[in-house]
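Trainee: In our numbering, the protein residues as written are 16 to 318. Virtual Cβ for every residue (Gly too), placed ideally from N, Cα, C. What you are looking at is a predicted structure, and each value in this text was computed from that prediction instead of being measured.
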């Protein structure tokens, strides 16, 4: 990659989840995790046109911002669909990883709530500055990681949380071909890719019925600015793509929104012609959607 090549994905702006019951998610994230409701109402015709999802017009949604005030959001859309979340594992967007100051305290705070612990809290590698993470499923079954990063504790220079639970900073995508993931995120979108290494993912093995300690190829796509990463995971060959109901977004963790260069400068196969969107947090910027090799949807918002 040329040093002058502009990376398509500049930062993560929204992690969008399609859920059965909207109010349950809004209450859980505002009351328990300190998020603030910044926009709500029916999905507009303009967004449905950009997404090419006519069946979603009028579906209720909520846009939530972390207590830190970071302009990186969770969006929940009530589709009524009760499937599509992890588990079971499918190809596509798998998990949202959030910054947190104290995962151990968060574990105690979330006991006997809508959040169910899957794994951790545990250090991710030996050493006094190790990141420490906990995995939980949320009220709709969404897989959420809560991770503490200490000063100097990230090989990518990532900074830690600015509130007890802060913004999404890593999105996890799984595909049955690491080569396809690297070709798309590195070759098509021009992100810097960190070479794949085997990594133990016990929560994945539990669902798949594989022995604990099974290792999966994992790579990293680096976004500029030392704030965001994408974790690329190679999944077993038999895992299928996420269900996409007719005229809707994919089920579960449906789409991730990224700030991008002007969309007119990008040679990408958008699902529909990009258009300007007035609603928060687009603020009149132009949005368009492309689909990755695992069936994952990426919404790009042009500068």
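Straight-line CA distance for residue 17 to residue 236?
Mentor: In the chain shown, counting from the first residue as 1, residue 17 sits at position 2. In the chain shown, counting from the first residue as 1, residue 236 sits at position 221. Because residue 17 carries a pLDDT of 46, less than 50, the predicted location of this residue cannot be relied on, and no value is offered for it.
Trainee: By Cβ distance, which residues of its chain are closer than 8 Å to residue 310, with the 5 residues on each side in sequence left out?
Mentor: On the chain shown, position 295 is the one that residue 310 refers to. Within the same chain, residue 310 has close Cβ partners 106, 107, 256, 257, 259, 265.
Trainee: Within this structure, are the beta carbons of residue 23 and residue 275 separated by less than 8 Å?
Mentor: For this step, residue 23 is matched to residue 8 along the chain shown. For this step, residue 275 is matched to residue 260 along the chain shown. Closer than 8 Å, so yes.
Trainee: Does DSSP put residue 53 in a helix, in a strand, or in coil?
Mentor: Taking the first residue of the chain shown as position 1, residue 53 is located at position 38. Correct three-state label for residue 53: strand.
Trainee: Checking 8 Å against the spacing of the C-beta atoms, do residue 239 and residue 25 come in under that value?
Mentor: Residue 239 sits at position 224 when you count from the first residue of the chain shown. Residue 25 sits at position 10 when you count from the first residue of the chain shown. A contact, by the Cβ cut-off of 8 Å.
Trainee: The beta strand (DSSP E) with residue 118 in it runs from where to where?
Mentor: Counted from its first residue, the chain shown places residue 118 at position 103. That residue, residue 118, is in no beta strand (DSSP E); its alpha helix (DSSP H) goes 118–124.
Trainee: Decide if residue 224 is buried, meaning its Cβ has at least 16 other Cβ atoms within 10 Å, or exposed.
Mentor: Your numbering for residue 224 matches position 209 in the chain shown. Exposed is the call here.
Trainee: Which complete beta strand (DSSP E) runs does the stretch 274–314 hold, if anything under 3 residues is left out?
Mentor: Whole beta strand (DSSP E) segments, 3+ residues: 301–306.
Trainee: Does any C-beta atom of chain B lie closer than 8 Å to the C-beta of residue 140?
Mentor: Protein chains in the displayed structure number just one, and chain B is not present.
Trainee: Just grab the DSSP bridge partners of residue 76 for me.
Mentor: Reading the chain shown from its first residue, position 61 is the one you call residue 76. Per DSSP, 56, 92.
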